[in-house]
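Novice:
Residue numbers (the numbering used here), protein chains in the order written: chain A, 1 to 267; chain F, 268 to 670.
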């Protein structure tokens with residue numbers, strides 16, 4: 001009955017739900033799994049053309065003097081995609097499985113968790129390809145990459161926490177699944193993904209403080225420091241991203257577990 | 268082997284919302300609290316199931332049987348009371364819940380098995396048995412969206428019975444598939460029982476409950492109305508249903524009426540042992556069906572016709588006035604046609620009746636009340652209560668003892 005045994009008993013459910021997500025999401029499409037890579041690639045191409053070619057945004061070079069807008073963008077875009085996909089796919093994860101929830105008892109956290117993990121698998125494949133791209137560009141991240149697991153963990157916790165929250169909220173109010181699209185769009189532009197944080201520093205206060213409070217800013221800055229600049233991230237960014245992710249996960253977990261007994265009636 | 272279940276003072280409340288707001292706009296614009304009625308689906312239910320026991324939950328629709336089963340399965344959480352379950356529990360509330368149409372049968376076996384609580388090696392061990400049981404060897408690697416509904420249900424059931432839990436909760440899913448598959452299911456069910464599993468079963472098939480279960484719980488309006496040995500609880504239930512259906516006499520239940528109305532059946536009465544309309548109908552006692560008719564357009568040689576069905580719609584018997592040797596050249600005016608039965612061979616239970624008047628060939632219905640009348644046969648002198656009919660035979664026993 002305890003939570004710990006629940007989690008341990010649910011490994012197989014989680015694994016199978018994850019496989020279901022991965023196998024079923026691109027069934028019947030010709031490119032299949034490639035779509036998960038195509039999406040960020042096309043987004044990157046569009047932003048590169050708009051911001052680098054048309055608007056002529058000038059990036060400061062990194063520590064090794066490399067200046068590549070696509071690489072700079074992807075380092076932020078890939079983690080961001082995991083956050084936004086977790087929120088949108090998480091929102092529908094319970095509602096779409098109403099049939100299961102009404103008829104079978106199993107550890108319900110596995111539903112949003114499997115959605116997040118399926119997107120995390122796509123994210124990791126994208127990350128692997130990005131690392132190759134960075135090496136080709138001549139970015140030297142070897143002295144900082146050992147720290148990469150820390151922002152990865154924070155990213156996963158933040159994504160799972162947000163998915164838990166949106167999944168429960170959408171059970172009560174189906175508006176959430178549409179609202180999530182608007183919120184993530186606003187959040188995307190409010191996070192330094194297509195522009196460096198340095199641009200905000202030029203704007204000055206109070207904007208900079210607001211940006212610093214955004215957990216996604218700290219997280220993206222950490223990824224960017226480690227992978228694009230090849231330097232150790234600021235301790236403040238590292239701790240803030242980890243701390244906020246942990247807090248979101250804790251809140252998401254508590255809300256989810258509190259609402260769980262009533263799922264079968266609400267779904 | 269089997270696990271035990273203890274249910275103590277369990278009450279479950281549902282909220283019946285009046286136009287429940289489902290969007291934020293409604294929440295914002297409607298300042299007052301959401302209006303709802305409370306409805307107690309279960310009230311202070313207490314009973315226990317010992318290891319290895321088979322217990323049936325019976326009661327009319329809406330009496331809380333399925334809610335109770337869902338509470339036991341942890342799908343619903345009761346507001347009050349305590350449910351204690353010892354052992355691994357698996358619920359068969361709906362077969363194939365959670366199948367993903369795009370995945371193959373094989374992938375769905377692993378997914379569904381895991382959801383029902385099997386580990387991966389366990390599913391792998393039982394995989395061949397599951398596929399064989401479902402009879403789907405040729406189709407197991409095709410997506411289930413291409414399955415027929417029968418194949419779908421067979422696969423779902425095959426997975427569920429192979430979970431081999433300590434406690435199995437079953438909600439009337441035994442009635443799936445064709446006859447051969449049903450036989451396999453019953454055999455599997457017997458095997459589970461004989462290996463000492465604990466079973467809690469919800470069913471409307473009172474014969475099954477009386478036959479399979481050690482004990483039964485009779486729920487009425489969310490409360491335990493009776494509890495004890497299965498046979499005696501089934502009898503209590505039948506008597507109780509009889510009492511309530513008497514109050515509802517004349518109320519049309521399922522079924523409908525059709526016909527060209529040259530002749531109309533204006534009233535149909537069911538008469539029990541004492542010959543009065545509406546008196547209790549008792550197994551082994553006399554019974555009569557009285558049809559009041561009125562002719563709109565005179566017809567030649569019409570047939571009056573009575574059919575009896577079980578509560579689940581199995582056609583049991585047909586009887587026509589022609590079979591009884593009753594003929595009339597020309598029917599006009601109005602009157603009564605009556606079918607009398609001296610010794611009712613039906614076993615106690617719920618039945619449906621059709622009454623009709625039609626042309627001599629049976630091709631044209633003048634007025635057909637198709638399964639419009641429900642009635643209860645109460646336990647009488649004969650002891651038979653299994654099967655569909657009592658066999659009016661005489662037993663003889665010859666015994667030779669050599670000294």
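Cβ coordinates follow ideal geometry from the N, Cα and C atoms, glycine included.
1. Which first and last residues belong to the beta strand (DSSP E) in which residue 222 of chain A is found?
2. Start and end of the beta strand (DSSP E) containing residue 656 of chain F?
3. Is DSSP giving residue 24 of chain A helix, strand or coil here?
4. Taking 8 Å as the threshold (C-beta atoms), are residue 619 of chain F and residue 644 of chain F in contact?
5. With distances taken between CB atoms, is the gap from residue 468 of chain F to residue 321 of chain F smaller than 8 Å?
6. Grab the span of the beta strand (DSSP E) containing residue 558 of chain F for me, first residue to last.
7. Any chance the stretch 208-215 of chain A sits against the stretch 165-184 of chain A, with 3 or more Cβ pairs inside 8 Å?
8. Distance check for residue 507 of chain F and residue 311 of chain F, CA to CA, integer angstroms please.
9. What is the rounded straight-line gap between the Cα of residue 581 of chain F and the Cα of residue 659 of chain F?
10. Is it true that the CB of residue 566 of chain F sits closer than 8 Å to the CB of residue 598 of chain F?
11. Going by DSSP in three states, residue 273 of chain F sits in which element: helix, strand or coil?
12. If you follow the alpha helix (DSSP H) that residue 381 of chain F is part of, which residue opens it and which one closes it?
13. Relative to the C-alpha of residue 52 of chain A, which candidate in A:142, A:242, A:91, A:195 has its C-alpha closest?
14. Could you give the uninterrupted runs of the beta strand (DSSP E) lying entirely in the stretch 392-473 of chain F, keeping only those of 3 residues or more?
15. Taking all protein chains shown into account, do 16 or more other C-beta atoms lie within 10 angstroms of the C-beta of residue 513 of chain F, making it buried, or fewer, making it exposed?
16. Consider the Cβ of residue 377 of chain F: report whether some Cβ of chain A lies at a distance smaller than 8 Å.
17. Of the residues A:30, A:111, A:57, A:59, which one's Cα is nearest the Cα of residue 16 of chain A?
18. Return no unless some Cβ of chain F is closer than 8 Å to the Cβ of residue 261 of chain A.
19. So for residue 579 of chain F, helix, strand or coil by DSSP?
20. How close, in whole Å, do the beta carbons of residue 237 of chain A and residue 216 of chain A come, if the pair is a contact with beta carbons under 8 Å?
21. Alpha carbon to alpha carbon, how far is residue 491 of chain F from residue 280 of chain F?
22. The stretch 76-102 of chain A: which residues have C-beta closer than 8 Å to a C-beta of chain F, in chain order?
23. Is DSSP giving residue 515 of chain F helix, strand or coil here?
24. With 8 Å as the C-beta to C-beta threshold (strictly closer), list the residues of the stretch 336-347 of chain F near chain A in chain order.
25. Within this structure, are the beta carbons of residue 354 of chain F and residue 426 of chain F separated by less than 8 Å?
26. With distances taken Cα to Cα, identify the nearest neighbour of residue 602 of chain F among F:583, F:615, F:571, F:621.
Specialist: Let me spell this out:
1. Segment 215-223 is the alpha helix (DSSP H) holding residue 222 of chain A; no beta strand (DSSP E) there.
2. Segment: none, residue 656 of chain F is in no beta strand (DSSP E) and carries neither H nor E.
3. helix
4. no
5. yes
6. 554-562
7. no
8. 20 Å
9. 21 Å
10. yes
11. strand
12. 372-382
13. A:195
14. 434-438, 465-469
15. Bear in mind that the predicted position of residue 513 of chain F carries a pLDDT of just 43, short of 50, making it unreliable; the figure below should be weighed with that in mind. Burial call: exposed.
16. yes
17. A:111
18. yes
19. coil
20. With 8 Å as the limit, residue 237 of chain A and residue 216 of chain A do not qualify as a contact, their Cβ atoms being about 11 Å apart.
21. 16 Å
22. 97, 99, 100, 101, 102
23. In this predicted model, residue 515 of chain F has a pLDDT of only 43, less than 50, meaning its place in the structure is not dependable enough to derive any value.
24. 337, 340, 341, 342, 343, 344
25. no
26. F:571
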